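Residue numbers (the working numbering), protein chains in the order written: chain A, 1 to 392; chain B, 1001 to 1392.
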């Protein structure tokens, strides 16, 4: 057995990791817009990237380098360096070149507006402000925010039965363009566990399916989505089950935080799908619900419109039948295998559930053992406001 | 050759067709909520229905009857008779039974709220108000509206080279839940052309792909979507090419009208996709764009955010490459195969296009000959308002 203990020190929780954020003038009003993560020793890297074909330059740059270790990540917000062609790659090379005396194989990651060249000079000047001895994880977490309304961090200390321990810490950004296929999200995870590259990649891929890939704000998938896990092995300790559990908890927490911070969102809804023909069909239903505009606006209106839920299940393309379907809001079953339960009294009870800031919508399809859980939010006026004129 | 002449008489344009709308108290304030279409002679029927698995009772009822002719359609708004199980079928039987003395094999069609039993008595009383000698196509078109802000009708007289002619008329409702896989839409088309059932079904199926199935308001697909084409052959005239052309023009007009009337929509945007690997991939891109929340909110904000368009193309899953992609707003090319054209001056010009109530967004993927055109709208505060509390 092992114990997990929550720590406050985010991406600096693990031994040997440093981080901070600075203002390079990319955002207005001296807001922090550049962050670094530094490890005193080199790290193995595991990563998951967007499936978007218009892959942003930083991701292409990372992939082009093949297999390597690093001790430094440079992150900027406000500009995604996407759709910038070969020039976008050259810009990264020139920026990272200025760091080559102090760090090993630095990696760059960007988020923000698409289709504008990086303000290279500002970023090079900004990087000169970095102090690699700083441990300011929240400052780093704030610097990578775009439309986020709060920063997102978490860390665990994992203590094994023999008393030895390792740590995992993380920060993420993301509040929109978050879709079951990754998100406009960046997530950086650091650990001092003594894990191999292959094993942490396998665990990261698997956990992504049930965490970041199960979270949706608006169904869009960005050019820059990145999850990066750095391991410097400095604790000398590792246990697969414990690492896996802690990592997935961290990723689930951050995925839920992103949805909770969904642009204009006021509710975090967990869609629990069971009884589908198989897990894949359950996943299709769960993601259809968390992406449906009609469901999302009904959530915003706190309207227990279970008919839209049924219709969305039916429209998702999987095997479904109104005679075997049941639908619940938390523990309140509002439709049961063809039985119209929804009277005035139940509507009042269901409306009370809808007023909560967090609740579950469960659909049992009654056809098999397939199950999947996704996370979604409502869509209200604020979403429109935030997205109608994002660039200005 | 043949000539098309536009007529004002909607669903009553073709010889022998009658229609009207009445108020049965389903909607509040004496608004019309029931309509009929009657033909003095029996009609062959072609139809296209929703792919939603939670198929509404009227569609199941129609299908269960197998092959038949009819001279009467009864349509109600405000209640969809969906998720109502076997009781929903019994309700239809009882309602139609009351009409059996006056009409032949009557068909029922419904639209409105899901998961509530039909107010059967009100509908039976309402049907007694029908006067089968009435030709009030606009009254019928108004009675089938739900969230529509205007009624949708069109008709053509088709004159062949020898001077003989036939007519096609139609009405439709639909303003939301309209998706590339049909829509919460009802469309009734009447014709006096002498066309066989098989031929008109084939032409209807084919035209649906490029018209109703290319229109999107919010990406949702309803339980009740129905396109029904009735032919009473009373003109004795038919020409395949002319019929096909007129029918597709009618369907495209109505599909565009539905998008123009999209809940809260202020812009009708045509997405012209070319250069995809094949037509299917072009269709995926076109529909991804017309369904993207980020694109739709950018349209609402009149923000020429071509980066979101590129990102959505990339996220659609088809073959795409920033080095071969180009994007235009009307005739203004804003991104050309890796070339960042977008400066201050172009932004101003692009913003002018975005202010129009109708414009094209063209994407050439530069990879092949595949093409597809879809219709979409913006998404603004009104959409949220309309959908946050639809049932009340």
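We treat Cβ as the ideally placed atom computed from N, Cα and C, and that holds for glycine.
A quick note: this is a predicted structure, and the numbers were derived from the prediction, not measured.
For residue 1340(B), at least one C-beta of chain A is nearer than 9 Å to its own C-beta.
Rounded to whole angstroms, the Cβ separation of residue 85(A) and residue 1323(B) is 7 Å, and the two are in contact under 8 Å. The three-state reading of DSSP puts residue 1326(B) in strand, counting E and B together. The C-beta of residue 274(A) comes no closer than 9 Å to any C-beta of chain B. Your pair residue 164(A) and residue 15(A) does not check out as a contact, with CB atoms roughly 13 Å apart and the cut at 8 Å.
Per DSSP, the unbroken beta strand (DSSP E) holding residue 358(A) starts and ends at 358-364. Collapsing the DSSP output to three states places residue 1136(B) in coil. Residues of chain B whose Cβ lies closer than 7 Å to the Cβ of residue 314(A) are, in chain order, 1052, 1053, 1054 and 1223. Beyond the five residues adjoining it in sequence on each side, residue 1059(B) comes within less than 6 Å, by CB distance, of 1049 in the same chain, given in chain order.
Residue pairing by DSSP places residue 48(A) opposite 227(A) in a beta bridge. Interface criterion not met: the Cβ of residue 1119(B) is under 9 Å from no Cβ in chain A.
A contact is defined here as three or more CB-CB pairs under 8 Å, and the stretch 1374-1388 of chain B fails this definition with respect to the stretch 118-136 of chain A. Identification of residues in the stretch 65-90 of chain A having a C-beta nearer than 9 Å to some C-beta of chain B yields 80, 82, 83, 84, 85, 86 and 87, given in sequence order. Within the same chain, and ignoring the five residues on either side of residue 1188(B) in sequence, the residues whose Cβ sits closer than 7 Å to its Cβ are 1011, 1037, 1073, 1170, 1171 and 1228. Taking C-beta separations shorter than 8 Å and ignoring five residues to either side along the sequence, the partners of residue 1367(B) in its chain run 1275, 1276, 1277, 1319, 1320, 1321 and 1324, following chain order. Per the coordinates, the alpha-carbon of residue 360(A) lies some 23 Å from the alpha-carbon of residue 1221(B). Bounds of the alpha helix (DSSP H) holding residue 253(A) are 240-260.
Residues of the same chain with a CB within less than 6 Å of the CB of residue 197(A), apart from the 5 flanking positions on each side, are 44 in chain order. Classified as buried, residue 294(A) has 16 or more neighbouring CB atoms from the shown chains inside 10 Å of its CB. Per DSSP, the continuous alpha helix (DSSP H) segment holding residue 1197(B) begins and ends at 1197-1210.
When DSSP states are grouped into helix, strand and coil, residue 1007(B) belongs to the strand group. If you draw a 10 Å sphere on the C-beta of residue 1128(B), you find fewer than 16 other C-beta atoms in it, and that means exposed. Within the same chain, Cβ atoms closer than 8 Å to the Cβ of residue 333(A) are found at 326, 327 and 341, the five residues on either side in sequence being excluded. For residue 120(A), the enclosing alpha helix (DSSP H) stretches over residues 120-127.
When the five nearest sequence neighbours on each side are left out, the beta carbons in the same chain lying within less than 7 Å of the beta carbon of residue 1250(B) are those of 1154, 1156, 1168, 1170 and 1189, in order along the chain. At a cut-off of 9 Å between C-beta atoms, residue 1322(B) counts as an interface residue with respect to chain A.
Residues of the stretch 1035-1046 of chain B with a Cβ closer than 8 Å to any Cβ of chain A: none.
Taking residue 1283(B) as reference, the option from 1158(B), 1076(B), 1023(B) and 1372(B) with the minimal CA-CA separation is 1372(B). Between residue 384(A) and residue 1002(B), the C-beta gap is not smaller than 9 Å, which leaves the two residues out of contact. When beta bridges are read from the DSSP output, residue 12(A) appears opposite no residue. Excluding the 5 residues flanking it on each side, residue 257(A) has same chain C-beta neighbours closer than 6 Å at 152, in chain order. Relative to residue 246(A), the option among 288(A), 203(A), 280(A) and 83(A) whose CA is nearest is 203(A). With distances taken between CA atoms, residue 1209(B) lies nearest to 1255(B) out of 1255(B), 1230(B), 1232(B) and 1242(B). Neighbourhood of residue 376(A) in chain B, by CB distance below 9 Å: empty, with the nearest CB roughly 13 Å away.
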